[in-house]
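Novice: In the numbering used here, the protein residues as written are 24 to 384. I am attaching a structure below and will ask some questions about it afterwards.
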Ligand code: NAP
Ligand code: FE
């Protein structure tokens, strides 16, 4: 097990972690999206800490959902122009993943063609991650997922150098999420936890985190959707998301993620929703390979698999359109060749994937 990231998960996490913030450099490059850093309250609190610690900063607030490689290159250029020496990401997985890639691009003088070439990574600029969603767990993973705008292909890289040095998890920052962002990101966290069971890198060392995380989402996702201001429930969802990140940092993801990438790349289906619409089919597909662990999970949760499927259905996850068969034919090679396919519990063939995609709407 290896997770070289200092984690603060608490009320007022930023205040508690502030002693470490000044250890990474003198001028922070703050990577965020347009609105969430402000709406969540995280940016104002961070700027107050930076001023008190007498640290400089420059704000790069251009990250959109599903960041692309051009955005990363423009971030790397701006980092240099403003003479920054460490990075602080505030936001969901999109700003955090962009920040990791900017860090590696700057430190290794990468051009766009080499962004995924992990062999050329020698060093990294320190990254502090402050999540404002409870979903990706990117604050504790060695992955960055980026989109190639020209091919609309979403792909990622994993490198030990991409682990953030410090993760500051403050549940309060997630109170401002809309209903749909809360739902979709919560389902992403659930996917990561389930994939910790499906992956052929699964380890029983992780099961306490995985089982607790899934049970937590089962109980608290419906509650947080009904009561968005319930901070205790937001706290539980953030814990589950953290457990999901710690899980996939070790097990990676599987077909459950690969199959959703083209839905996001081509049709902008939110990442968590793309995982959610195939969740039942994937569990059906993998069940024979991991039945023992899944049954252990359901008995821990005191439910059955049927009950879990009913819970999932009640969330009404839908793309509201049917995929054209041309899309399925075109994008199948992308799914089959994605990195995560190496982690499936058994060999998945093109027919398995086609039948899942054809059932979607
Ligand atoms: P996101 O794309 O970062 O954000 C989605 C939306 O939510 C944005 O409009 C964002 O606004 C808004 N938002 C975020 N926090 C908010 C808050 N507290 N209040 C109000 N609005 C808020 O969503 P995400 O699901 O967290 O990240 C998805 C990305 O992460 C995908 O690219 C996915 O592939 C990747 N991912 C990475 C990993 C990993 O290990 N690295 C794992 C899974 C997924 P702004 O635009 O204003 O920020
Ligand atoms: Fe994910």
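For each residue, glycine too, the CB sits at the ideal point set by N, CA and C.
Can you tell me which of the three DSSP states residue 282 falls into?
Specialist: Correct three-state label for residue 282: coil.
Novice: Using DSSP with H/G/I as helix, E/B as strand and the rest coil, what is residue 292?
Specialist: The answer is coil: DSSP assigns residue 292 none of H, G, I, E or B.
Novice: Using a Cβ-based criterion (distance less than 7 Å to any ligand heavy atom), does residue 307 qualify as near ligand 2?
Specialist: Not so, every heavy atom of ligand 2 lies at least 7 Å from the Cβ.
Novice: Check whether the Cβ atoms of residue 59 and residue 160 sit closer than 8 Å, and answer yes or no.
Specialist: No; because the gap between Cβ atoms is not below 8 Å, this pair is not in contact.
Novice: Could you check if residue 209 belongs to the surroundings of ligand 3, using beta carbon to heavy atom distance under 7 Å?
Specialist: Questions concerning ligand 3 fall outside what the structure shown contains, since the ligands it does hold are ligand 1 and ligand 2.
Novice: Is residue 118 helix, strand or coil by DSSP?
Specialist: Here residue 118 sits in helix by DSSP.
Novice: At a Cβ threshold of 8 Å, is residue 321 touching chain D?
Specialist: Considering every chain present, this structure includes no chain D. It has just one protein chain.
Novice: Under three-state DSSP, which class holds residue 205?
Specialist: Three-state result, residue 205: helix.
Novice: Ends of the alpha helix (DSSP H) at residue 171?
Specialist: Taken as a continuous stretch (DSSP letters only), residue 171 belongs to no alpha helix (DSSP H), being part of the beta strand (DSSP E) at 166-171.
Novice: Give the secondary structure of residue 47 by DSSP, where H, G and I count as helix, E and B as strand, and everything else as coil.
Specialist: Three-state result, residue 47: coil.
Novice: Leaving out five residues before and five after residue 176 in sequence, what residues of the same chain have Cβ atoms less than 8 Å from its Cβ?
Specialist: 170, 284, 285, 288, 357.
Novice: Can you name, in chain order, every residue of its own chain whose Cβ lies under 8 Å from the Cβ of residue 198, other than the five neighbours on each side?
Specialist: Contacts found: 63, 251, 252, 254, 257.
Novice: Taking the alpha helix (DSSP H) that residue 255 belongs to, which residues open and close that run?
Specialist: From DSSP, the alpha helix (DSSP H) with residue 255 extends over 254-274.
Novice: Is it the case that the Cβ atoms of residue 297 and residue 368 are separated by a distance below 8 Å?
Specialist: The answer is no: Cβ separation not under 8 Å.
Novice: From the DSSP output, in three-state form, read off residue 219 for me.
Specialist: Of the three classes helix, strand and coil, the one that applies to residue 219 here is helix, per DSSP.
Novice: Within 10 Å of its beta-carbon, does residue 173 have 16 or more other beta-carbons around it, so buried, or fewer, so exposed?
Specialist: Residue 173 comes out exposed.
Novice: How should residue 327 be labelled, buried or exposed, when 16 other C-beta atoms within 10 angstroms of its C-beta is the threshold for buried?
Specialist: Exposed.
Novice: Count the C-beta pairs between the stretch 39-48 and the stretch 128-137 that are closer than 8 Å, then say yes if the count reaches three, no if not.
Specialist: Judged by Cβ distances under 8 Å, the stretch 39-48 makes no contact with the stretch 128-137, as fewer than three pairs qualify.
Novice: Excluding five sequence neighbours on each side, which residues of the same chain lie with their C-beta closer than 8 Å to the C-beta of residue 183?
Specialist: The residues are 25, 27, 165.
Novice: Given a cut-off of 8 Å, decide if residue 55 and residue 108 are closer than it, judged by their beta-carbon atoms.
Specialist: Taking 8 Å as the Cβ cut-off, residue 108 and residue 55 do not qualify as a contacting pair.
Novice: Say the cut is 7 Å; is the CB of residue 277 nearer than that to a heavy atom of ligand 2?
Specialist: False, no ligand heavy atom lies under 7 Å from that Cβ.
Novice: From what residue to what residue does the alpha helix (DSSP H) around residue 189 run?
Specialist: Segment 189-192 is the beta strand (DSSP E) holding residue 189; no alpha helix (DSSP H) there.
Novice: Take the Cβ of residue 145 as the centre, count every other Cβ of all protein chains shown within 10 Å, and call the residue buried at 16 or more, exposed below.
Specialist: Exposed is the call here.
Novice: Based on the DSSP secondary-structure assignment, which residues constitute the bridge partners of residue 29?
Specialist: In DSSP, residue 29 forms a bridge with 189.
Novice: For residue 385 versus residue 206, is the C-beta distance shorter than 8 Å?
Specialist: Look at the range of the chain in this structure, 24 to 384, and you will see that residue 385 is not part of it.
Novice: Measuring alpha carbon to alpha carbon, tell me which residue in 83, 68, 133 is nearest residue 76.
Specialist: Residue 76 has its Cα closest to that of 68, out of 83, 68, 133.
Novice: Within the present structure, is the beta-carbon of residue 258 separated from the nearest heavy atom of ligand 1 by less than 7 Å?
Specialist: Not so, every heavy atom of ligand 1 lies at least 7 Å from the Cβ.
Novice: Terminal residues of the continuous beta strand (DSSP E) containing residue 176?
Specialist: Residue 176 -> beta strand (DSSP E) spans 176-181.
Novice: So within the stretch 131-159, which uninterrupted beta strand (DSSP E) runs reach at least 3 residues, ignoring any that extend past its ends?
Specialist: Entirely contained in the stretch 131-159, the beta strand (DSSP E) runs reaching 3 residues are, in chain order, 150-154.
Novice: What are the boundary residues of the beta strand (DSSP E) that includes residue 83?
Specialist: Per DSSP, residue 83 belongs to the beta strand (DSSP E) from 79-83.
Novice: Count the C-beta pairs between the stretch 116-132 and the stretch 224-232 that are closer than 8 Å, then say yes if the count reaches three, no if not.
Specialist: Because the criterion of three Cβ pairs below 8 Å is not met, the stretch 116-132 and the stretch 224-232 do not touch.
Novice: Whose C-beta lies closer than 7 Å to the C-beta of residue 88 among residues of the same chain, with five residues either side of it excluded?
Specialist: These residues qualify, in order along the chain: 117.
Novice: Give the single residue among 302, 236, 141, 336 whose Cα lies nearest to the Cα of residue 181.
Specialist: Among 302, 236, 141, 336, the Cα nearest to that of residue 181 is on 141.
Novice: Report the three-state DSSP secondary structure of residue 331 (helix, strand or coil).
Specialist: Residue 331: helix per DSSP, three-state reduction.
Novice: For residue 109, which beta-bridge partners are listed by DSSP?
Specialist: Residue 109 pairs with 51.
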